[in-house]
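In our numbering, each number is its position in the sequence shown, counted from 1, plus 3.
Using N, Cα and C, we set each Cβ at its ideal position, and we do this for glycine too.
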Amino acid sequence: MLKRARPIVILMAEDDPDDRMLAEEALQESHVANTLRFVENGEELMDYLKHRGKYADPASAPRPGLILLDLNMPKMDGREALRAIKSDPELRSIPVVVLTTSKAEEDILRSYDEGANSYIIKPVTFEGLVEAMKTLQRYWFEIIELPDVALGE
Numbered sequence: 004m005l006k007r008a009r010p011i012v013i014l015m016a017e018d019d020p021d022d023r024m025l026a027e028e029a030l031q032e033s034h035v036a037n038t039l040r041f042v043e044n045g046e047e048l049m050d051y052l053k054h055r056g057k058y059a060d061p062a063s064a065p066r067p068g069l070i071l072l073d074l075n076m077p078k079m080d081g082r083e084a085l086r087a088i089k090s091d092p093e094l095r096s097i098p099v100v101v102l103t104t105s106k107a108e109e110d111i112l113r114s115y116d117e118g119a120n121s122y123i124i125k126p127v128t129f130e131g132l133v134e135a136m137k138t139l140q141r142y143w144f145e146i147i148e149l150p151d152v153a154l155g156e
């Protein structure tokens, strides 16, 4: 019962190559039809979203319908990137889900205060990650309604 006719781009900001690989495998295992793209830090995330540098061509960097954001990354961390996204009128409608290992109450509170739409502590098992991907897919793309601008339509 998918409401969207075309796949949505999910953009994951994650510096750990193992976590990126697991997320990609979990997405495939969960049979989610959406496309997963990766950036390695907050600086690259902002370049992607603003079509700068290697992401200058909008066709190669389509607007994501959802951002999965790790907090602890080099260069610009996830906290700074979240602030930048949610303070930008062109970007703030994109849902941002913090997906991180941090269980710190301060990180949770600060993330919501800065505009995160959800906060998920990374599952420790592959099966848990598959379930998280299925749940994210169902919630963000089947259950709720997002404005077309959030989906780049």
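Segment limits, alpha helix (DSSP H) that includes residue i
i, result
"A26", "P20 to E32"
"T138", "F129 to R141"
"R82", "G81 to K89"
Identity of the residues DSSP links to residue i by a beta bridge
i, result
"A107", "Bridge partners of A107: none, in fact."
"F41", "M15"
"L102", "I123"
Where residue i falls, given that 16 or more other Cβ within 10 Å makes a residue buried
i, result
"G56", "exposed"
"T128", "exposed"
"L52", "buried"
"A8", "Because the pLDDT at A8 is just 49, under 50, the model does not fix this residue reliably, and the point stays unresolved."
"R66", "buried"
"L30", "buried"
"E47", "buried"
"L25", "buried"
"S63", "exposed"
"L112", "exposed"
"A179", "Outside the shown range of the chain, which is 4 to 156, sits residue 179, and nothing can be said about it."
"D110", "buried"
"A59", "exposed"
Own chain residues within Cβ distance below 8 Å of residue i, not counting five before or after
i, result
"E117", "R82, L85, R86 and K89"
"L5", "For L5, the predicted model reports a pLDDT of 44, less than 50, meaning its position is unreliable; a value from the coordinates is still stated below. Contacts found: A36, F144 and E145."
Residue span of the beta strand (DSSP E) that contains residue i, given as start and end
i, result
"L72", "L69 to L72"
"I123", "S121 to I124"
Contacts around residue i, its chain only, beta-carbon distance under 7 Å, and the 5 residues preceding and following it disregarded
i, result
"P77", "D18 and N44"
"W143", "L69 and P98"
"L102", "L71, L72, D73, I123 and K125"
Within-9 Å CB hit, residue i to chain E
i, result
"G81", "Looking for chain E here will not work: only one protein chain is present."
6 Å Cβ shell around residue i - same chain, five flanking residues per side excluded
i, result
"S33", "V133, M136 and K137"
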